[in-house]
Ligand code: SF4
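Residue numbers (the working numbering): 5 to 338.
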């Protein structure tokens with residue numbers, strides 16, 4: 005039987021994917037798959053319906069794979085009820101099976117598409133927890149958008165502050181959301197670094213977000229053709245500085261993010277530069293008490309690695325957050 009290979013990897017690196025031995029490499033989207041429902045019966049413990057109400061994006065940010073993978077906006081849907089796992093009482097195919105309680109939209113720039121208003125109204129009416137997982141374009145957050153979001157059940161509202169130029173839009177979006185009644189603690193801003201920025205630029209954007217009251221979630225840039233995570237160091241960054249960000253996220257952050265905790269805001273406002281803000285005091289070399297060490301001994305007398313508690317921002321890590329944190333911990337030898 006011939007084997008086809010598609011998806012993000014095959015679309016971005018088709019020549020490399022061809023070496024896999026697959027008979028056919030499929031680049032880009034597969035239109036006929038757009039209306040399929042994933043087989044949620046395979047993951048009975050999962051409670052969220054994942055879907056796209058649109059593909060592509062109106063913008064062409066140089067660091068992003070979406071323009072290459074999906075191109076201009078397409079596959080617009082004005083209703084997504086039919087993509088909610090059958091069983092939710094408010095979905096079209098309601099039955100007595102398990103219910104999904106969340107709708108997770110993976111649209112890359114939902115506000116850039118003409119269908120956003122109809123979708124927002126439908127999601128508000130459904131009353132299910134809604135997650136715009138890829139973030140909202142801060143430049144397109146108006147008072148109307150902010151008010152609709154405030155009336156939806158959202159645990160987290162994601163935006164992005166990827167470079168200084170969009171700072172005024174991010175600040176305005178946060179202000180409008182706050183005025184509409186969204187708690188700033190629920191506003192998370194992805195914050196790109198290791199691209200065309202430098203450490204000082206990144207530090208200033210983190211400080212801005214903390215002063216605006218939002219949560220900063222750093223996102224380390226990877227070239228689109230990178231085959232090894234966290235290998236790339238941009239010309240304006242040093243590897244040691246990237247490691248400082250990773251350490252700070254673990255030590256003074258929460259779940260890899262920098263929330264606008266009073267002490268953290270103070271620390272960033274007092275800091276005179278990146279190194280001052282992200283430099284950490286040496287860790288204590290004190291060993292754990294003997295009785296704690298003993299209970300970690302396995303039957304061979306080896307010390308087991310302590311089980312790591314993974315803090316979760318707003319209850320769940322999305323796939324990008326989880327993989328970034330995992331890779332950074334691996335890089336630090338943890
Ligand atoms: S707006 Fe977002 S999805 Fe669109 S190209 Fe830029 S980063 Fe990618």
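Even for Gly, the Cβ is constructed at its ideal location relative to N, Cα and C.
The structure presented is a predicted model; accordingly, all values stated were derived computationally and were not measured.
The residues 220, 262, 264, 268, 269 and 272, in chain order, have a CB closer than 7 Å to that of residue 214 in the same chain once the five nearest residues on each side in sequence are set aside.
Put simply, the stretch 125-134 does not touch the stretch 168-188. Fewer than three CB pairs are less than 8 Å apart. Selection 240, 164, 17 and 210 evaluated against residue 201 yields 240 as nearest (Cα-Cα).
For residue 112, the CB falls within less than 6 Å of some heavy atom of ligand 1.
When DSSP states are grouped into helix, strand and coil, residue 109 belongs to the strand group. Annotation for residue 220 indicates a beta carbon at 6 Å or more from all heavy atoms of ligand 1. Looking at the DSSP output, residue 220 shares a beta bridge with 193 and 262. Within the model, the alpha-carbon separation for residue 190 versus residue 27 is close to 46 Å.
With a minimum length of 4 residues, the unbroken runs of alpha helix (DSSP H) contained wholly in the stretch 166-210 fall at 171-184. DSSP, read as helix, strand or coil, puts residue 9 in strand. Taking one beta carbon from each stretch, the stretch 104-118 and the stretch 48-63 have 3 or more pairs nearer than 8 Å; the two touch.
Taking the Cα positions, residue 36 is about 19 Å away from residue 72.
Between residue 255 and residue 284, the C-beta spacing is below 7 Å. For the pair of segments examined, the stretch 179-189 was found to touch the stretch 146-165: the number of CB pairs separated by less than 8 Å reaches three. Counting along the chain, no beta strand (DSSP E) covers residue 23, and no H or E run does either. Excluding sequence positions up to five before and after residue 105, its CB lies within less than 7 Å of the CB of 51, 132 and 133, all in the same chain and listed in chain order.
Not a single heavy atom of ligand 1 lies less than 6 Å from the C-beta of residue 59.
Set against 6 Å, the gap from the CB of residue 70 to the closest heavy atom of ligand 1 is smaller. Between residue 9 and residue 21, the gap from beta carbon to beta carbon is short of 7 Å.
Counting every other CB atom within 10 Å of its CB across the protein chains shown gives residue 244 a total below 16, marking it as exposed. Rounded to the nearest angstrom, the gap between the Cα atoms of residue 6 and residue 249 is 45 Å.
For the options 69, 85 and 253, the alpha carbon positioned closest to that of residue 41 is the one of 85. Counting other Cβ atoms within 10 Å of its Cβ, residue 212 reaches 16 or more and is therefore classed as buried. Per DSSP, the continuous beta strand (DSSP E) segment holding residue 162 begins and ends at 161-164. Its chain contains 79 as the residues whose beta carbon lies nearer than 6 Å to that of residue 38, once the 5 sequence neighbours on both sides are disregarded; these appear in chain order. The three-state reading of DSSP puts residue 114 in helix, counting H, G and I together.
For residue 63, the distance from the CB to the nearest heavy atom of ligand 1 is below 6 Å.
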